[in-house]
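Here the sequence shown is numbered in our numbering, starting from 1 and rising by one per residue.
Virtual Cβ for every residue (Gly too), placed ideally from N, Cα, C.
From a predicted model like this one, the values you see are computed outputs, not experimental measurements.
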Amino acid sequence: MNDARIDVLQHLLRRYSVGPKHLVEPGPDDAQLREAARAALRAPDHGHLTPFRFAVVPPHRRTELARLFEAAARRHGHGAAESAAEGQRAWNGPVLVAVIVRIVPGRPEVPEHEQWLSAGGALTNFLNALHLMGFGAKMLSGRKAGDPDVVRAFCGPGETLAGWIAVGTPTAAPKARHDDDPAQVIGPW
Ligand SMILES: Cc1cc2nc3c(=O)[nH]c(=O)nc-3n(C[C@H](O)[C@H](O)[C@H](O)COP(=O)(O)O)c2cc1C
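This is the structure we're talking about:
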């Protein structure tokens, strides 16, 4: 491998999630988000079904999202203060991107689990691309991602709302919470 590729790999090995509290402006612009989407499209995808899509929450719709989050929290039995705090999560990160999985039915040669793997690969490539651009990000879901009104706001029929990626400029270098041990996940057959 040449030096540049080794550098990229070393940089990828330092991708850690950065929570919204540690994300400030600027977030990625439209061109950078499209580039991250191009990386997502490089996920392995049996049958080229593209079983995922990303929906960027425009700044002017954050208030609408906050109302949806707050109402979902109330429906889930939370009190006023907790529900208001849930609503505040609509302002998570300078940029907020919904991750939507769309499993294509009736394709026995590409079973659902393969399509979910593609969607996971797409999410990871998206996060890795943002990391390589110098942004911090974290994928978040919570109970609200399964709330019918929230799901309806983001998804069409047959789609699943996986959650939202909060993205921005990290206020500190992302940190590992533990050492990764490759022997945990790779060994002889
Ligand atoms: C689909 C999905 C949903 C997630 N939802 C949450 C969440 O709601 N809250 C949370 O703390 N972490 C959530 N995570 C995990 C974080 O995004 C992150 O991967 C985890 O904290 C591990 O950190 P790391 O990426 O630095 O290894 C979710 C991950 C995925 C893939």
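{"Check": "Nearest neighbour of Arg67, chosen from Gly87, Gly79, Val110 and Arg74 [CA to CA]", "Outcome": "Gly87"}
{"Check": "Met1 CB to nearest heavy atom of ligand 1 below 7 Å", "Outcome": "no"}
{"Check": "Local Cβ density within 10 Å of Val104, reported as buried at 16 or more and exposed below that", "Outcome": "exposed"}
{"Check": "Reduced DSSP category for Trp91 - H, G, I as helix; E, B as strand; rest coil", "Outcome": "helix"}
{"Check": "DSSP-derived helix/strand/coil call for Leu140", "Outcome": "strand"}
{"Check": "Contact check, Val18 vs Lys144, beta carbons under 8 Å", "Outcome": "no"}
{"Check": "Own chain residues within Cβ distance below 7 Å of Gly121, not counting five before or after", "Outcome": "Ala43 and Pro44"}
{"Check": "Length of the line joining the Cα atoms of Pro188 and Ile6", "Outcome": "25 Å"}
{"Check": "Three-way DSSP call (helix, strand, coil) for Ile186 in this model", "Outcome": "coil"}
{"Check": "Ala173 versus Leu117, Arg14 and Val8, residue with shortest Cα-Cα distance", "Outcome": "Arg14"}
{"Check": "Helix, strand or coil at Glu82 according to DSSP, with G and I counted as helix", "Outcome": "helix"}
{"Check": "N- and C-terminal bounds of the alpha helix (DSSP H) containing Pro28", "Outcome": "Where Pro28 is concerned, there is no enclosing alpha helix (DSSP H), given that its DSSP letter is neither H nor E."}
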